[in-house]
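A.B. asks:
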Amino acid sequence: MSEVNPLDVLAIKNVVSRYCQALDLKDYDSLGKVFTSDVDASYPFNNALASLDEVKEAIQNRLGPVRTHHNLTTQTITFRSDAQTARVVTYFQGVHFGQGPHEGKMLCAYGKYVDDLVLLEAKNGDFDGVRGASGIWRIKDRTVSFTQRIGDEKIMEEH
1 MSEVNPLDVL
11 AIKNVVSRYC
21 QALDLKDYDS
31 LGKVFTSDVD
41 ASYPFNNALA
51 SLDEVKEAIQ
61 NRLGPVRTHH
71 NLTTQTITFR
81 SDAQTARVVT
91 YFQGVHFGQG
101 PHEGKMLCAY
111 GKYVDDLVLL
121 EAKNGDFDGV
131 RGASGIWRIK
141 DRTVSFTQRI
151 GDEKIMEEH
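Under the UniProt record's numbering, the sequence shown is numbered contiguously, ending at residue 159.
1. Can you check which of these residues, K33, V39, P44 and E103, is closest to L52 by C-alpha distance?
2. Beta-carbon within less than 6 Å of residue 161's beta-carbon, same chain only, minus the 5 sequence neighbours each way: which residues are those?
3. Is the separation between the beta-carbon of S30 and that of A22 shorter than 9 Å?
4. Spatial neighbours of T68 within its chain, please: C-beta separation below 8 Å, excluding the five flanking residues on both sides.
5. Which residues in the same chain have their Cβ closer than 6 Å to the Cβ of C108, if we skip the five residues on either side of it in sequence?
6. Rounded to whole angstroms, what is the Cα-Cα separation between E3 and S37?
7. Anyone know if the C-beta pair for V144 and P44 falls short of 9 Å?
8. Taking C-alpha atoms, which residue in E153, I139 and T147 lies nearest to G32?
9. Thinking C-alpha only, which one of D141, E157 and M156 is nearest A48?
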């Protein structure tokens, strides 16, 4: 069993947080610092995404008509015996704010991300801001599920 580098915990937390920041800022290109290029992802609104480009496009299409604010809450990180992969379960709340004719309306989504992350070699000493980490971590497989959605679903469909 390989030794776990405690700085990898912070690096993994940053990857999951960076996902929320990318969505809230509508900076979809920064998802390249969250997922591997061949990520497999399953979202309630699209359950068969097989690449970073497909994830970017699906999220951009889904969040296009709204502004968002994502919060991360309870999280567990479990390293596999090789210390090169980890399973991360993170609960979230995503608030979606209606725009245009839906100004003032909201949709709150509660759920969890179940992620399998892999450790990649850092290129040119870029450790994603966590010096001393073993390398860079990326999500290789993601499954998103909702616990509850409260609010006006129409704000997600119309501008």
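Quick reminder that beta carbons are idealized off the backbone N, C-alpha and C, glycines included.
C.D. replies: Result, derived from the coordinates:
1. Within the sequence shown, the letter at position 52 stands for residue 52. That would be V39, whose Cα lies nearest to the Cα of L52.
2. Examination of residue 161 is not possible in this model, given that the chain is present from 1 through 159 alone.
3. Your numbering for residue 30 matches position 30 in the sequence shown. Your numbering for residue 22 matches position 22 in the sequence shown. The answer is yes: Cβ separation under 9 Å.
4. Reading the sequence shown from its first residue, position 68 is the one you call residue 68. Hits under 8 Å: L23, D24, G94, V95, H96 and F97.
5. Within the sequence shown, residue 108 is the residue found at index 108, counting from 1. For C108, where only same-chain residues beyond five positions count, the Cβ hits under 6 Å are V95, I150 and G151.
6. Along the sequence shown, one-based indexing puts residue 3 at 3. Along the sequence shown, one-based indexing puts residue 37 at 37. Taking the straight line joining both Cα atoms gives about 27 Å.
7. To locate residue 144, count along the sequence shown from 1; it is residue 144. To locate residue 44, count along the sequence shown from 1; it is residue 44. Yes, they are a contact pair.
8. Translated into positions along the sequence shown, residue 32 becomes position 32. For G32, the nearest C-alpha among the options comes from I139.
9. Taking the sequence shown and counting its residues from 1, the one referred to as residue 48 is at position 48. Checked all of D141, E157 and M156; the closest Cα to A48 is D141.
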